[in-house]
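So the protein sequences, as listed, match chains A and B.
If you use the working numbering, the first sequence corresponds to residues 1 to 244, in order.
If you use the working numbering, the second sequence corresponds to residues 1 to 244, in order.
Taking it in order: structure first as structure tokens, then the write-up.
Protein chains: 2
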Amino acid sequence: MSDQKTTSDTRERILDVAERLFMDNGYEATSMRAITSAAEVNLAAVNYHFGSKEALLCEVFRRRLTWLNDQRLQALDKLEAQAAGAPIKPSQILEAFFGTLLRMGEDPSLGGMTFLRLLGRTLTEPAEFIRTFFAGEYAQVIDRYKRALFRALPDVPKAEIVWRLHFMLGAMSYAIAGTDVLQVVTGCEVGDLAGEASCDDPDTVLARRLAERLMPFLLGGLRAPLPQFHEEANKQQEPSSKTV
Amino acid sequence: MSDQKTTSDTRERILDVAERLFMDNGYEATSMRAITSAAEVNLAAVNYHFGSKEALLCEVFRRRLTWLNDQRLQALDKLEAQAAGAPIKPSQILEAFFGTLLRMGEDPSLGGMTFLRLLGRTLTEPAEFIRTFFAGEYAQVIDRYKRALFRALPDVPKAEIVWRLHFMLGAMSYAIAGTDVLQVVTGCEVGDLAGEASCDDPDTVLARRLAERLMPFLLGGLRAPLPQFHEEANKQQEPSSKTV
DNA sequence: CTAACATCAAAACGAACGTTTGAACTACAT
DNA sequence: ATGTAGTTCAAACGTTCGTTTTGATGTTAG
């Protein structure tokens with residue numbers, strides 16, 4: 001009555017297949033028939049369980065994003081509790097926000113790199129229902145982290161922080177999308193990785209390497225000198241730690 | 001005279017309309033009928049002039065990208081000539097690559113922000129024909145700039161530079177896409193801008209502000225401290241330190 | 001004038017799309 | 001066994017897609 005376990009099998013299989021196909025082909029280019037036949041379920045199953053193709057895409061994200069943003073909020077709670085009123089280091093804030101996401105790429109049970117790539121590619125889709133869905137899913141966590149960054153960087157104009165948060169999200173989004181539109185850029189990347197740690201699957205290794213490289217880049221961008229009109233703000237970014 | 005009058009404005013009108021509609025709705029969600037009726041041309045005109053919808057998209061990009069990447073190569077040529085063998089500053093390289101692009105956003109005759117947004121959104125599209133098209137268009141210029149960065153940063157491992165070039169492209173791509181998936185992030189952005197220079201159209205102002213903010217961020221990310229491969233304090237699951 | 005190109009309206013093409021329908025099947029409480 | 005609610009199924013629905021065709025009209029250059 002309350003929770004049908006007969007439901008779970010078909011539902012989950014659809015969600016898993018949809019996640020992969022949306023990632024491979026994009027939302028518009030993925031047909032219901034491709035999804036249902038790959039999931040080995042009836043064509044009508046998606047509309048029965050989710051209502052529509054749009055609702056399916058939202059559910060694909062919801063089952064992972066709710067958990068993710070919950071983790072992010074908990075991580076920030078923990079940081080603020082530890083700080084006990086003292087300012088939190090920007091590197092810790094970035095780690096809580098981006099590290100929590102990137103660690104999903106190492107765990108296939110959380111969607112792994114498939115979900116990360118899908119997320120990165122979908123964040124730039126212009127469809128209205130996607131934009132409003134993401135806006136709702138992210139509203140709380142973005143607001144909390146924005147305020148945390150304001151407090152961590154009191155000498156930086158708030159508008160500047162917002163811009164840089166935008167840029168950081170972009171760098172991450174594009175990096176996890178990994179569309180490799182310019183294969184020239186990545187080129188040596190994969191071969192470079194394959195040489196080492198071959199115990200884990202390539203996606204897990206990639207996720208770890210990505211985090212190692214991306215976090216310092218983001219922090220460097222966040223603490224870059226401000227554009228001309230505010231020169232004296234440079235001193236607020238003392239090398240207070242070697243965490244990077 | 002020349003034949004540019006024979007190939008009258010039908011071609012250009014299709015390209016202009018397609019550029020805007022592809023930007024607004026994405027490639028898959030934009031129909032030929034929407035394009036031709038908005039351009040007030042016959043439905044068959046696209047297939048007559050370009051051959052197919054795919055070829056139309058490629059032509060939309062080609063008419064701007066060949067010029068852009070030409071400018072980029074010339075800018076790098078000029079830098080290298082001025083340096084006369086001496087190392088070029090990374091900031092100059094970034095200015096030549098990203099500044100040349102961002103300046104297109106201020107010039108409506110070069111596509112303006114419409115083209116920039118379209119470019120940012122299309123760079124993450126998974127469709128195969130798009131990926132191979134961009135790979136061909138960008139191969140030369142990426143290779144030149146990659147080598148320039150290698151020379152400008154001789155102490156940084158080449159693989160690291162490639163990663164950071166990737167991140168910089170991502171930050172720029174997402175920033176110019178401006179999909180605002182998380183409106184919370186931008187929020188004050190537009191209102192902030194509207195206060196000042198209201199003499200130009202909003203898109204031109206936005207492009208200028210974007211460049212002012214993005215370039216320092218990219219440079220800060222590029223020059224961030226390198227990751228330390230054994231700094232794992234909170235997570236210890238990689239005992240091997242054989243990383244190069 | 002002629003020939004080649006460009007544009008048009010209209011219609012049609014087959015294919016693929018998201019969605020709906022109504023019957024058949026399953027599980028389980030009574 | 002029977003009723004009921006939830007699930008699956010094959011088949012069809014109506015629409016829209018990219019593309020092609022036909023034939024007529026306008027434009028331009030040799």
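For every residue, glycine included, the Cβ atom is placed at its ideal position computed from N, Cα and C.
Looking from the CA of Glu28/B, the closest CA among Pro126/A, Gly105/A, Glu137/A and Leu118/A belongs to Pro126/A. Restricting attention to Ala38/A, Arg64/A, Arg223/A and Arg213/A, the CA atom closest to the CA of Phe150/A is found in Arg223/A. Interface with chain B (8 angstroms Cβ-Cβ cutoff): Ser173/A is included.
Look at Gly170/B here: in three-state DSSP terms it is helix. Nearest to Leu210/B by alpha-carbon distance, out of Val17/B, Met23/B and Arg117/B, is Arg117/B. The beta-carbon of Glu212/B is placed less than 8 angstroms from the nearest beta-carbon of chain A. The C-alpha of Arg62/B lies about 15 angstroms from the C-alpha of Gly120/B. The region 8-22 of chain B and the region 16-26 of chain A do not touch, with fewer than three beta-carbon pairs separated by less than 8 angstroms.
About 16 angstroms separates the beta carbons of Leu206/B and Ala171/B, which is beyond the 8 angstroms limit, so they are not a contact pair.
Here Ala175/B really is in contact with Phe167/A; their C-beta atoms are around 6 angstroms apart, less than 8 angstroms.
For Trp67/B, the closest alpha carbon among the candidates Thr100/B, Gln82/B and Ser37/B is that of Thr100/B. Under the three-state reduction of DSSP, Gly99/A is assigned to helix.
Residues of the same chain with a CB within less than 8 angstroms of the CB of Ile88/B, apart from the 5 flanking positions on each side, are Leu79, Glu80, Ala148, Arg151 and Ala152 in chain order. Non-local C-beta neighbours of Glu106/B in its own chain, meaning closer than 7 angstroms and more than five positions away in sequence, comprise Thr204, Ala207 and Arg208, ordered along the chain. Look at Asn25/A: its C-beta is under 8 angstroms from a C-beta on chain B. Around Phe50/A, the same chain offers Leu56 and Glu59 as residues with beta carbons nearer than 7 angstroms, after the five sequence neighbours per side are excluded.
Per DSSP, the continuous alpha helix (DSSP H) segment holding Phe217/A begins and ends at Pro202 to Leu222.
When only Cα atoms are considered, Leu123/A and Leu94/A end up about 19 angstroms apart.
Among the residues of chain A, those whose CB is under 8 angstroms from the CB of Arg223/B are Gly220, following chain order.
Listed along the chain, the chain A residues whose CB falls inside 7 angstroms of the CB of Glu125/B are Gly26. Here the alpha carbons of Gly220/A and Gly220/B stand approximately 5 angstroms from one another. Interface with chain B (8 angstroms Cβ-Cβ cutoff): Arg62/A is excluded.
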